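Take a look at the structure set out below.
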Amino acid sequence: MTNGVGRTNGLTNGLAKAARSRRFPGSLSSPRWQRIVLPVAVVLLLLLLPVALFWTGPSPAYPIQIDGQFADWAGVSKIATPPARLTPDIDITRVAVHGNVDYTAFYLEVVGNPLAGGPAPQRLTNAFYAFIDTDRSAATGYRVQGLGADRMIRVDTWGGQVVGATLYDFDVARSPQDWNGWVRVAPVAAAGSGHGLEFEARGLDLGAPAAAMEVAFASRGWNGESDVADVLATDAEPFLLVAQDTLAPQVLRTTGDVLASFTLTAVGGSLTVTGLDVHLEGTFGPSSLSLVQLLGPTGSLLSEQAPGPRIHFTLPSLVLSADTTQTLTLHATGVNPDASTVGAFIAAPQDLLVAPGGVAMLSPGTGPASLAYVGMVPTGVRIDGGFADWPNLTSDPVADVQPLWDSDIDLSAYSFQGSGGSAYFTARVVGRALNGTMVPALNPAYTPPGNGSSNGTIGPRPPPVNGTDYLLFYLDEDGSMATGYRVGGLGADYLVQITGKGGEILSSVALRFNGTSAWDWTWAPLGLATVAKDGSQVEAALSGVPVTNGSRAFFEIRGWNQAADSSLAPSAPTTLSVTTLVAQSMGSPMTDSPAAGPGRLLAQDLPGNQKWFFTNTAVSGGGAPTVCTSNLVASTTAGSSPTTKALTSGAPSVCWYTPTGTPASTMAGSWEFNLDISAPAMTLTLLPNALGTNNGWNARGCAAGSPYLCVDEDPNDANTTYITDGNTTKLKSTYSLPDWASPPSSVNITIVTISVWCWGASSSGQLSKISTVLMNGSAEMDGAATACSTGAYGLVSTAYSQYPFASRAWTATDINNLEAGVLSSGNKELRTTEIKVTVTYMPSYSVEVDLCTNQG
């Protein structure tokens, strides 16, 4: 009777089902029978009520009962999802969709407990989502992972129970990016236990789709973290599971170069693939390539077509037996070295023709991971989605996003240059550029029955707009802080502002500063900016604006949830900034916000009160007070910029004084001040110092029996010392790390990043891949398999915002118990020359503010 909300105010760990009305043959319907039976039925119901209230499912005629018990899902094929490295309670690991007579049932698993929610007393919920494309058309519905979702199911959990589950319909009159287009339709049944959660909706409420549905899954935690399952599931059985590798080579030169590869697996039975559509992106033209070929697993030609934006390959007989896999590769013939770009990908399940059954996809995308230059790299920079023409990028520290780490916001490299009288910019992130979020909604708090609600309802919070990310390129053309908008230590004369969501560019505009002061966020539009991107990198042009020797640039990325990173070097730790004149806002960086720019917070202004401004001027003269470590002047005259006061560690203090006798008296009431306490993240670097649990790789160039000496240099020594694996099986090597000798007594570890520098052999366009490895005793966490550089050694890293082996924050003890290493893909030679663990942490500081009078 507890643990849920429903028609009986709670079934075990879930919501009661909507009534399933079915007529059985032979039912009597005469009025006389109704008059006689009704009183008896009421009496029987009352007698059976104690038993009925514990009944948690419908008739056994339904194969799947929504009761929090998952044995009835044993025969349903489930899809494993890539690891997300976040809070375990929302880290989705497996999903499934299955027809349940006249209902459709949904299932998901997480690493932790899906029913947990946040801590008391706030009672913030965890939320789980299923986005359902019922008409199999991306042109209708809410845009998510390449689908057009027509329905959505949201399940809220807290305190070990399901506290809300609702089906929504998307308003076709709204923009496909507009989260506010969702309209509540009906409650649905939901239940969970252990690591699992199940829910279902009626086929009639889903629109009674005639064909198989595609479904995307997502979650959002009470703390703001989110997970996208990176899977498009289907309710069809059997189904074809499609995975694709769309990382193109930097330059496409010969027919042997692989433009993309597609791995097809038959799940739940045998099936036949009769057709496949591939989408090409880039600046290629009709003469860039002669033909695009699709080859089978043995290299045999399956089909070839002329290049174009969308190519259809007819497959006369591609039969896959149950649980078998075939990998198809895409190649190009007649490469004309015109330095255009090209990349390929499968956009949606509808791009494959399968019989019988449906299609599911792993890691669906809205474009290829990268584009290849056709034949050669161009001379000079071009805005074309290829990035081999940006040879020299400035690295930016990773894992420094504040306040909540997000790989899609984590700036990793950037650059700008001038060419032909125009300015060009590029920025790369750790994750997916301009990804935004498919769930731009903050989680509600659960209000239990009897606490201001009669039925356990959920009080909503207003969601942010539509989940877009922002990328801002600022240019200080004249190199003078006396002109332009004050940001990032320069005076920005021009700005390129780009918005995006789901990896797609939604808008790009070039702007010229038009403010009346250095802090006035007013810009005049110059027109659309030319922009292009691949998976993780964006480039843009500011046409007609030259770059001089004195020009400087500033790069800023802001997430939909105000997570931010920039190219600004972090300032010294333990800094106290006192700001009263210039306020900063957390609003979105829109050009129609004349009073505030990105990341600027507008202060309150208590009306009718006298204002005093803090300065950096020391008090002087006879009898000057010496109460504090720093004794400064408070003035009625505002300065032209914020005041910043740096304090040393220990117990420093700062006092601001008004002149003697001014004001004549003070009054009780509200006193307002603004403090910006800046405590930039500090880092601890750990390098291998001993052999660990695993020693599968071979050492080259270091002392025999001490392979850790091959990977402990920072910066690394490339091929002087390294470990290598050339086997056809996956091998692992891990190493011990030194202890954190003197961690702060109170420390908040925000990110732990394992970084490896690797090189991989390449043949037939197939790249060697490596996974990072963290171990604590027998527990192991492997990062995603990532292609290594085929030229100079390249960086592969994995960041963990929480301790990956449990649902909690990192501790210094966790750090001291770690081993770090690498896992090979087992297909080609790999080399690793450096393994490093970086601990990013925030020391805890406290500030005491006192209002004193009659001092001196």
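In this note's numbering, the protein residues as written are 578 to 1433.
Ideal Cβ placement from N, Cα and C applies to all residues, glycine included.
For clarity, every value in this text was computed on a predicted model and none was experimentally measured.
| Asked | Found |
| --- | --- |
| Between Pro-1039 and the rest of its own chain, which residues show a CB-CB distance below 6 angstroms, the 5 nearest in sequence each way excluded? | Low confidence applies here, because Pro-1039 scores a pLDDT of 42, under 50, leaving its location unreliable; read the following figure in that light. Hits under 6 angstroms: none found. |
| If we count Cβ pairs, one from each stretch, closer than 8 angstroms, do we get three or more for the region 864-872 versus the region 956-970? | no |
| Taking 8 angstroms as the cut-off, does the region 1389-1409 touch the region 1017-1027 (at least 3 CB pairs, one atom from each stretch)? | no |
| Can you tell me which of the three DSSP states Gly-634 falls into? | In this prediction, Gly-634 has a pLDDT of 42, which is less than 50 and means its spatial position is unreliable; what the coordinates show is noted afterwards. In this structure, Gly-634 counts as coil in the three-state DSSP scheme. |
| Let me know if His-1489 comes out buried or exposed under the rule of 16 or more other beta-carbons within 10 Å of its beta-carbon. | The chain is shown from 578 up to 1433; residue 1489 falls before or after that span and cannot be answered. |
| Around the Cβ of Thr-670, are there at least 16 other Cβ atoms within 10 angstroms (buried) or fewer (exposed)? | buried |
| Keeping to the same chain, check which residues put their C-beta closer than 7 angstroms to that of Leu-663; ignore five residues upstream and five downstream. | Glu-802, Asp-804, Ser-1378, Gln-1379 |
| Indicate the three-state DSSP secondary structure (helix, strand or coil) for Arg-600 in the structure shown. | Low confidence applies to Arg-600: its pLDDT is 30, below 50, so where it sits in the model is not reliable, and the reading given next is rough at best. Coil, per DSSP. |
| Exposed or buried, which one is Lys-1188 when buried takes at least 16 other CB atoms within 10 Å? | exposed |
| Evaluate Asn-690 with the Cβ neighbour count: other Cβ atoms within 10 Å of its Cβ, from every protein chain shown; 16 or more gives buried, anything less gives exposed. | buried |
| Any idea what DSSP makes of Leu-1286, helix, strand or coil? | helix |
| Helix, strand or coil, according to DSSP, for Ala-1195 in the structure here? | strand |
| Keeping to the same chain, check which residues put their C-beta closer than 6 angstroms to that of Pro-1320; ignore five residues upstream and five downstream. | Ala-1389 |
| Rounded to a whole number of angstroms, what is the C-alpha to C-alpha distance between Asp-854 and Leu-1088? | 39 angstroms |
| So, Glu-814 versus Gly-845, is the Cβ gap smaller than 7 angstroms? | yes |
| Taking the alpha carbon of Ser-947 as the point to measure from, which residue in Ser-992, Ala-810, Leu-836 has its own alpha carbon closest? | Leu-836 |
| Thinking C-beta only, is Thr-711 closer than 7 angstroms to Leu-783? | yes |
| Taking only the alpha-carbon atoms, compute the straight-line gap between Val-1006 and Val-1288 and give it to the nearest angstrom. | 25 angstroms |
| Would you be able to state if there are at least three C-beta pairs under 8 angstroms between the region 1301-1317 and the region 1262-1277? | yes |
| Using three-state DSSP, classify Thr-1099 as helix, strand or coil. | coil |
| Which runs of the beta strand (DSSP E) at least 3 residues long sit entirely within the region 1378-1421? Give them in chain order. | 1396-1401, 1407-1420 |
| For the beta strand (DSSP E) holding Phe-708, just list the boundary residues, first then last. | 703-710 |
| Kindly list the residues whose CB is nearer than 7 angstroms to the CB of Ala-1356, restricted to its own chain and excluding five residues on each side of it in sequence; keep chain order. | Phe-1382 |
| Taking Cβ to Cβ, would you say Trp-1100 is nearer than 7 angstroms to Gly-1013? | no |
| Tell me the residue span of the beta strand (DSSP E) that contains Pro-893. | 887-897 |
| Would you decide whether Asn-677 is buried or exposed? Buried here means 16 or more other CB atoms lie within 10 Å of its CB. | buried |
| In whole angstroms, what separates the C-alpha of Glu-858 from that of Leu-866? | 13 angstroms |
| In the structure shown, what three-state DSSP assignment does Pro-665 receive? | helix |
| Identify, in the order they occur along the chain, each residue of the same chain with its Cβ nearer than 8 angstroms to the Cβ of Gly-885, setting aside the five sequence neighbours on each side. | Leu-857 |
| Assuming Ala-742 contacts Val-732 under a Cβ cut-off of 8 angstroms, what Cβ separation, rounded to an integer in Å, is found between them? | 5 angstroms |
| In the DSSP assignment, find the beta strand (DSSP E) that holds His-908 and state where it starts and stops. | 902-910 |
| Based on the DSSP secondary-structure assignment, which residues constitute the bridge partners of Gln-576? | Examination of residue 576 is not possible in this model, given that the chain is present from 578 through 1433 alone. |
| Tell me the DSSP secondary structure of Ala-648 in three-state form. | helix |
| For Asn-800, which of helix, strand or coil comes out of DSSP? | coil |
| With 16 as the cutoff for other CB atoms within 10 Å, does His-889 come out buried or exposed? | exposed |
| What is the rounded straight-line gap between the Cα of Gly-920 and the Cα of Ala-1397? | 35 angstroms |
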